[in-house]
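Enquirer:
Protein chains: 2
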Amino acid sequence: MRVPMISKIDEEVFTPRQQAVLTAALDLLVENGDGLTMTAVARRASCSKETLYKWFGDRDGLLTATVQWQAAKVRMPQVNRSSLNAKALRASVEQFARDLLTVLIGEISITLNRTAVTHAAQEKDSLGAIVLENGPMAIRRRLKPILEAGRDARLLRFDSSEDAYRTFFGLVVRDVQIRLLLGDKTLTQINVEANIEADVQTATDQFFALYGADKTQ
Amino acid sequence: MRVPMISKIDEEVFTPRQQAVLTAALDLLVENGDGLTMTAVARRASCSKETLYKWFGDRDGLLTATVQWQAAKVRMPQVNRSSLNAKALRASVEQFARDLLTVLIGEISITLNRTAVTHAAQEKDSLGAIVLENGPMAIRRRLKPILEAGRDARLLRFDSSEDAYRTFFGLVVRDVQIRLLLGDKTLTQINVEANIEADVQTATDQFFALYGADKTQ
DNA sequence: TTAGAACCGTACCGTACGGTACGCCTGCGT
DNA sequence: ACGCAGGCGTACCGTACGGTACGGTTCTAA
């Protein structure tokens with residue numbers, strides 16, 4: 021019994037009041053994990069449960085709206101694509117690595133991913149699709165043309181830009197995301213954050229070592 | 021109110037009847053996702069709920085026992101470590117890549133990981149620890165000495181074997197695991213399975229390109 | 001044969017939570 | 001001034017499920 025559900029394509033338009041509700045929902049999600057109850061959201065947002073159901077249809081609708089709204093907020097900074105010398109290309113790739121890693125280790129990203137995984141464990145893939153679409157896929161969409169431009173400029177060599185992107189993802193993310201999702205205690209956020217820059221450098225170096233056309237490096 | 025809970029270190033000894041119960045639990049976990057109910061397990065295993073509580077304490081105990089028992093079962097084939105020429109080293113690394121990828125894309129691994137992630141979303145990290153310990157960490161423990169032997173034999177070059185392992189993990193797994201966990205429909209198991217061999221080769225090539233001492237490759 | 005342990009099946013209890021109903025208040029348009 | 005839509009708070013309902021209790025059955029051992 022969904023009411024005014026917004027299609028994925030439309031820029032979801034939520035009133036400020038609704039956004040306050042979604043914020044409350046996200047906060048609870050981050051705090052209490054997946055123990056999100058309608059009553060808790062209503063109390064936190066100082067609204068009535070009836071309003072929640074009116075606006076979001078059911079619990080799943082509220083969850084979807086929250087994830088979608090929040091995921092879409094994670095817009096990574098655009099990277100300058102104009103100049104295409106080797107230095108600029110490297111800077112761009114490096115920036116992508118930094119953006120990707122920074123987002124992935126954030127508390128919000130972890131929460132959204134956990135929620136989506138939990139959701140996917142119940143024959144529902146909508147949240148997973150949303151998270152994928154706004155996380156890795158968003159990066160991919162923006163990185164791919166740059167990689168291809170780099171290839172056209174004879175700065176990179178690869179057959180499939182898809183494969184190149186996925187290798188990039190692997191070099192950058194490694195086992196960090198899955199360990200954070202699983203709650204690995206030996207991997208504190210602070211610890212990871214401190215090493216971001218070094219990891220970004222290493223991953224970028226490795227990416228260029230594998231795909232760079234310049235073999236002197 | 022746990023009763024005879026087994027420590028993580030002990031080889032958990034379950035009677036055949038208990039293993040049948042755990043099998044039923046795992047089956048339900050794979051089928052119905054995380055909707056595992058005590059009643060369902062009891063019915064599936066043709067045992068009484070009282071017995072479940074007697075054996076496993078509570079729902080969490082049953083879940084833990086199931087995950088631990090099943091995760092420990094995923095023992096990957098040992099790799100010959102004796103001869104250390106370049107060819108044997110490469111074969112070993114390749115085999116590790118194959119093992120890792122094969123396990124990760126399996127339905128059971130996905131189910132266990134999803135269960136553990138869901139669990140971790142509720143301030144509980146025990147399942148996550150178990151999964152990590154028996155999955156990636158098990159591989160790591162076995163791969164590391166081989167990498168170090170390779171370095172001693174001047175076949176590999178790296179500063180930190182830990183970093184080398186994690187890069188290996190990234191090159192092999194890339195975005196496959198997270199996409200499967202999120203229920204990405206565009207990534208069917210069959211599709212992935214068909215590409216295992218090619219992916220393993222590529223990942224191994226890339227690993228040696230980054231860490232191999234032989235630069236003619 | 002009998003005592004008792006283990007265990008099955010089922011009924012039962014309490015609670016948490018999704019979802020609904022309703023009374024009341026507030027603000028806005030006429 | 002009045003009516004009404006929107007929304008708050010709360011009470012309420014139904015159900016699903018974790019956990020317990022208990023009677024009956026089978027198996028084992030003395």
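These protein sequence lines map, in sequence, to chains A and B. With the numbering used here applied, the first sequence corresponds to residues 21 to 237, in that order. With the numbering used here applied, the second sequence corresponds to residues 21 to 237, in that order. Yeah, the Cβ is synthetic: ideal placement off N, Cα and C, and Gly gets one too.
#1: Could you give the distance in angstroms between the alpha-carbon of Ile159 (chain A) and the alpha-carbon of Leu120 (chain A)?
#2: Taking only three categories from DSSP, how would you classify Leu121 (chain B)?
#3: Using only CA atoms, which one of A:Ala106, A:Ile125, A:Ser112 lies nearest to Arg174 (chain A)?
#4: Name, please, each residue of chain A whose Cβ falls closer than 9 Å to the Cβ of Lys213 (chain B).
#5: Could you tell me whether the Cβ of Thr123 (chain A) comes closer than 9 Å to any Cβ of chain B?
#6: Do the segment 76-90 of chain B and the segment 187-206 of chain B touch if we need at least three Cβ pairs shorter than 8 Å?
#7: Out of A:Val151, A:Val220, A:Glu213, A:Asp179, which one is the CA nearest neighbour of Glu114 (chain A)?
#8: Just to make sure I have the definition right: I need the residues of chain B whose C-beta is within less than 7 Å of the C-beta of Val151 (chain A). Which are they?
#9: Run through DSSP, which three-state label would Leu104 (chain B) get?
#10: In this structure, how does DSSP classify Gly203 (chain A) when only helix, strand and coil are distinguished?
#11: Is it buried or exposed for Arg161 (chain A), if we count other Cβ within 10 angstroms and need 16 for buried?
#12: Count the C-beta pairs between the segment 140-149 of chain A and the segment 202-221 of chain A that are closer than 8 Å, then say yes if the count reaches three, no if not.
#13: Quick one: does Arg199 (chain A) have its CB under 9 Å from some CB of chain B?
#14: On the DSSP bridge list, what partners appear for Gly232 (chain A)?
#15: Is it buried or exposed for Phe116 (chain B), if we count other Cβ within 10 angstroms and need 16 for buried?
#16: Going by DSSP, what residue range makes up the alpha helix (DSSP H) through Phe188 (chain A)?
#17: Helix, strand or coil for Leu56 (chain B)? Go by DSSP, reduced to three states.
#18: Is the CB-CB distance between Leu42 (chain A) and Ala85 (chain A) below 9 Å?
#19: Kindly give me the distance between the Cβ atoms of Leu202 (chain B) and Ala140 (chain A), rounded to whole angstroms, as I take these residues to be in contact under 8 Å.
#20: Checking 9 Å against the spacing of the C-beta atoms, do Thr131 (chain A) and Leu46 (chain A) come in under that value?
#21: Closer than 7 Å between beta carbons: that is the criterion. Which residues of the segment 137-163 of chain A meet it against chain B?
#22: Taking only beta-carbon positions, decide if Leu191 (chain B) is within less than 9 Å of chain A.
Expert: This is what the structure gives:
#1: Here residue 159 (chain A) is taken as the residue at index 139 of the first sequence, counted from 1. Here residue 120 (chain A) is taken as the residue at index 100 of the first sequence, counted from 1. Rounded to the nearest angstrom, the two C-alpha atoms are 7 Å apart.
#2: Residue numbering aside, residue 121 (chain B) sits at position 101 when the second sequence is read from its first letter. Leu121 (chain B): helix per DSSP, three-state reduction.
#3: As a position in the first sequence, residue 174 (chain A) is number 154, starting the count at 1. The shortest C-alpha separation from Arg174 (chain A) is found at A:Ala106.
#4: Residue mapping note: residue 213 (chain B) aligns to position 193 of the second sequence, counting from 1. For clarity, residue 213 (chain B) is Glu in the given sequence; the question names Lys instead. Going along chain A, no residue has its Cβ under 9 Å from Glu213 (chain B), so there is no contact; the nearest lies around 17 Å.
#5: In the first sequence, the residue the question calls residue 123 (chain A) occupies position 103. In the sequence as presented, Thr is not what sits at residue 123 (chain A); that position holds Val. Not closer than 9 Å to any Cβ of chain B, the Cβ of Val123 (chain A) fails to qualify, so no.
#6: no
#7: Start at 1 with the first residue of the first sequence, and residue 114 (chain A) comes out as number 94. Selected option, being the one with the closest Cα: A:Val220.
#8: Along the first sequence, one-based indexing puts residue 151 (chain A) at 131. Under the 7 Å cutoff, chain B gives Leu202.
#9: Looking up residue 104 (chain B) in the second sequence gives position 84. Of the three classes helix, strand and coil, the one that applies to Leu104 (chain B) here is coil, per DSSP.
#10: For the purposes of this step, residue 203 (chain A) is taken as the residue at position 183 of the first sequence. Of the three classes helix, strand and coil, the one that applies to Gly203 (chain A) here is coil, per DSSP.
#11: Counting from 1 along the first sequence, the entry for residue 161 (chain A) is found at position 141. Counting Cβ neighbours within 10 Å, Arg161 (chain A) comes out exposed, since fewer than 16 surround it.
#12: no
#13: Taking the first residue of the first sequence as position 1, residue 199 (chain A) is located at position 179. By this cut-off, Arg199 (chain A) is an interface position.
#14: Here the question's residue 232 (chain A) lines up with position 212 in the first sequence. DSSP lists A:Leu176 as partners of Gly232 (chain A).
#15: Along the second sequence, one-based indexing puts residue 116 (chain B) at 96. Phe116 (chain B) comes out buried.
#16: The residue given as residue 188 (chain A) occupies position 168 in the first sequence. Note, Phe188 (chain A): alpha helix (DSSP H), 181-193.
#17: Counted from its first residue, the second sequence places residue 56 (chain B) at position 36. It is coil, neither helix nor strand.
#18: Here residue 42 (chain A) corresponds to residue number 22 of the first sequence, with the count starting at 1. Here residue 85 (chain A) corresponds to residue number 65 of the first sequence, with the count starting at 1. Yes, these two residues count as a Cβ contact at 9 Å.
#19: Your numbering for residue 202 (chain B) matches position 182 in the second sequence. Your numbering for residue 140 (chain A) matches position 120 in the first sequence. Confirmed, Cβ separation roughly 6 Å.
#20: The residue you call residue 131 (chain A) lines up with position 111 of the first sequence. The residue you call residue 46 (chain A) lines up with position 26 of the first sequence. Closer than 9 Å, so yes.
#21: Val137, Thr138, Ala140, Ala141, Gln142, Glu143, Asp145, Gly148, Val151, Leu152, Pro156
#22: As a position in the second sequence, residue 191 (chain B) is number 171, starting the count at 1. So yes, Leu191 (chain B) belongs to the interface.
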